[in-house]
Amino acid sequence: MILLNSVSKKFGNGTFALSDINIAVRRGEFVFLVGPTGSGKTTIFKLIIRDLLPSSGDVVVNSLELNKLPKGKVAAFRKKIGVIFQDLKLMFDRTVFENVYLPLDVAGIKSGEAIKTVNEVLSQVGLSEHKEKFPLQLSGGELQRVAVARALVLSPEIILADEPTGNLDPQTSLEIVKLLSQINEKGTTVIMATHNLDIVKNSGKRVIHINKGKIEKDEKAKEAEKEEKKDKKEEEKE
Amino acid sequence: MKFLKTTGRNLRRSPYQAMAAILIMTLTFLVISFFVFLIAGSSQIINYFESKPQVTAFFKDDATQNDINSLKSNLLATHKVSAIKFVSKEDALKIYKQQNKDDPLLLDLVTADVLPSSFEISAVQLEDLNSISDMLKKSQIVSDVIYQKDVVSTLTTWTNAVRQIGFGLILLLSLVSVFIMATIIGMKISQKKEDIEIMRLIGASAWYVRLPFIAEGFFYGVVGSVIGWLIATGVLLWATPFLESFLKGIPVLPASITGLLSLLGLEVLLATIFGVISSFIAVLRYLK
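Protein chains in written order, with our numbering: chain A, 1 to 238; chain B, 1001 to 1288.
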């Protein structure tokens, strides 16, 4: 469960990146965050991984209030979230395999187990034959897949994908969305930021429109609320 | 131990910086080793001279055994004397014969009567040599007094100077090497800024990021100290035959293997401290 409750983010120069945002994303949900460049999508992601703290309001992820999360626990918290960064943030002096291996190394997973997991994930994203290549030897779509694989490799509860189809051709973009949908079907919560409305159209997923730091429209939000209430009741019964 | 792999990669990918860090540590430990050799050697030379009789008082021929015993008691009562050895005329002749065994002409001319009996005296402290000498000169039975004050005091002065210059130079070089290493590791951290940001965003702990850099500082320190020690020890071993002939009779060389290995152990320990301190300076400065 991800909850942004009356969240505002004001930067040092006085501009508001987000103004009084309220978003609730249920466990296992797939949500598109749609808006033009500079609308505040990346800021929302940075708040969710506690790379930023809100100027006001609360951010709650899996029952953890991030404002109150001690600095020493941030690293452990971030391991539960897979992020596909807008600029990919791949290490260019490491191979595809090494890039995907990194989160497992960071998490202290034993070498043998980690190698097996990396191979499985690379096979899942269709990059097995490129695993010894360096990022500079890959196409844009392949680079995105590496970023997806790295976000997936620790089997996170949540995946945040920040413009994962940016600069990709429509065919490759659809493949990336399909991949994320498959991951979501296995129970992972996925939030994908994009400014490409073509991808969102006919997806049947919840779409949150954001502009100038404010939510303009939250399609299917009501349905989501109903689902959430239903979930809560079920949890209470249990 | 996974961080060692990262450290290895960091070293391979910036060999010139690694070389600069190792060279400065090598220079520091080369100087430390040489000064340790100098200080240890000169201390041993002083000990040698201090262990030798420092004052020799020659008796007049008419000195009686009672007079000699009385003088001995007076000297011991001052508590400034650590040892007194009486050398009789016969003993003096034996020593003379030993020293001149290759020259029969000199041996023929000398008998025990010609040589004076004497006291060989060692002082507790070098500063007491003057008062012991004065006391002996005032005695009616003493004809002549000689002592090695000049040799020992000159050596002591030199050793103290070497020690002070050595400590000063070692301190200065240690500081220089720590700051140069901190700068080199700091540069590497700056170069890796993006990688470090990525690691943190995917959940790396502060220690996961820091450890390879600290291991790098440790590596530079240890490798530099071992090379510095090897060069200094090599030079010492190479120069041992020349030095032995120069220091004829003074048992300073060859240096003991245990002593050299102890020095290596201490230097590696010191290098580890330097390496870790400099990495910490860099890590705290650049990885806030």
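C-beta: ideal position from N, C-alpha, C; glycine also.
- prompt: At a Cβ threshold of 9 Å, is LEU1201 of chain B touching chain A?
  reply: yes
query: Does ALA107 of chain A have its Cβ less than 9 Å from a Cβ in chain B?
result: yes
- request: Note down, in chain order, all residues in the region 128-160 of chain A with a beta-carbon under 9 Å from any beta-carbon belonging to chain B.
  value: ARG150, ALA151, LEU154
field: Anticipated Cβ contact below 8 Å, ARG1210 of chain B with LEU1287 of chain B, distance rounded
entry: 6 Å
message: So ILE49 of chain A contacts chain B; which residues on that side make the cut at Cβ distance below 8 Å?
response: LEU1201
- prompt: With a CB to CB cut of under 7 Å and the five nearest residues on each side skipped, what residues in its chain are close to VAL1031 of chain B?
  reply: Same-chain partners within the cutoff: LEU1169, ILE1170, LEU1173.
query: Are there three or more Cβ pairs, one per stretch, closer than 8 Å when the region 1176-1183 of chain B is compared with the region 81-101 of chain A?
result: Segments in contact, no.
query: Can you list the residues of chain B that ALA76 of chain A reaches, using a CB-CB cut of under 9 Å?
result: GLY1203, SER1205
- request: Could you tell me whether any Cβ in chain B is nearer than 9 Å to the Cβ of LYS212 of chain A?
  value: Not closer than 9 Å to any Cβ of chain B, the Cβ of LYS212 of chain A fails to qualify, so no.
ILE1024 of chain B beta carbon less than 9 Å from that of VAL1223 of chain B: no
task: Could you spell out the range, first to last residue, of the alpha helix (DSSP H) harbouring VAL1226 of chain B?
output: 1206-1246
- prompt: Any Cβ of chain B within less than 9 Å of the Cβ of LYS186 of chain A?
  reply: no
- prompt: With distances taken from CA atoms, which of B:VAL1162, B:LEU1004, B:GLN1044 is nearest SER1256 of chain B?
  reply: B:GLN1044
- prompt: When you compare only the Cα positions, how much space is there between LYS205 of chain A and VAL31 of chain A?
  reply: 6 Å
- request: Kindly identify the DSSP beta-bridge partner or partners of ASN211 of chain A.
  value: A:LYS214
Own chain residues within Cβ distance below 8 Å of VAL991 of chain B, not counting five before or after: No answer is possible for residue 991 of chain B: it lies beyond the span of chain B, which begins at 1001 and ends at 1288.
- prompt: What number of angstroms, rounded off, separates the C-alpha of LEU1093 of chain B from the C-alpha of LEU1115 of chain B?
  reply: 7 Å
task: Could you work out which residues of chain B lie near VAL7 of chain A, taking near to mean beta carbons separated by less than 7 Å?
output: The premise fails here: VAL7 of chain A is roughly 20 Å from chain B at the closest Cβ pair, so nothing lies under 7 Å.
query: Around the Cβ of PHE1167 of chain B, are there at least 16 other Cβ atoms within 10 angstroms (buried) or fewer (exposed)?
result: exposed
- prompt: Is the shortest distance between the beta-carbon of VAL239 of chain A and the beta-carbons of chain B less than 9 Å?
  reply: This structure leaves residue 239 of chain A out entirely; chain A is present only between 1 and 238.
message: My output table needs one value for ILE109 of chain A: the three-state DSSP class, helix, strand or coil.
response: coil
Local Cβ density within 10 Å of THR1154 of chain B, reported as buried at 16 or more and exposed below that: exposed
- request: Compare the C-alpha of THR1258 of chain B against each of B:ARG1012, B:LYS1072, B:THR1233, B:LEU1109 and name the closest.
  value: When C-alpha distances from THR1258 of chain B are compared across B:ARG1012, B:LYS1072, B:THR1233, B:LEU1109, the shortest belongs to B:THR1233.
Per-residue DSSP class, three states only, for LEU154 of chain A: coil
- request: Give a yes or no on whether the minimum CB-CB distance between PRO70 of chain A and chain B is below 9 Å.
  value: no
- prompt: Which residues, taken in chain order from the region 1011-1036 of chain B, show a beta carbon closer than 9 Å to some beta carbon of chain A?
  reply: ARG1013
query: Since LYS9 of chain A and ALA193 of chain A are thought to touch, with beta carbons under 8 Å apart, how far apart are those beta carbons, to the nearest angstrom?
result: Actually they are not in contact, since the Cβ atoms of LYS9 of chain A and ALA193 of chain A sit about 15 Å apart, beyond 8 Å.
- request: Examine the Cβ distances between the region 208-216 of chain A and the region 169-181 of chain A and report whether three or more of them are shorter than 8 Å.
  value: no
message: Residues in the same chain with beta-carbon distance under 8 Å from GLU175 of chain A, minus the five sequence neighbours each way, listed in chain order, please.
response: GLY141
- request: Would you check if the distance between the CB atom of THR95 of chain A and the CB atom of PHE134 of chain A is smaller than 9 Å?
  value: yes
task: Report the option in A:ALA151, A:THR15, A:ILE2, A:SER6 whose CA atom is closest to the CA atom of LYS212 of chain A.
output: A:THR15
message: Please tell me whether GLU1197 of chain B has its Cβ less than 9 Å away from any Cβ of chain A.
response: yes
query: So the alpha helix (DSSP H) VAL200 of chain A belongs to, where does it begin and stop?
result: 197-200
query: So what does DSSP say about VAL1145 of chain B, is it helix, strand or coil?
result: strand
message: Check for me: the alpha helix (DSSP H) holding SER1279 of chain B runs from which residue to which?
response: 1257-1286
- prompt: Nearest-angstrom Cα distance between PHE1049 of chain B and LEU1136 of chain B?
  reply: Those two C-alpha atoms are separated by around 21 Å.
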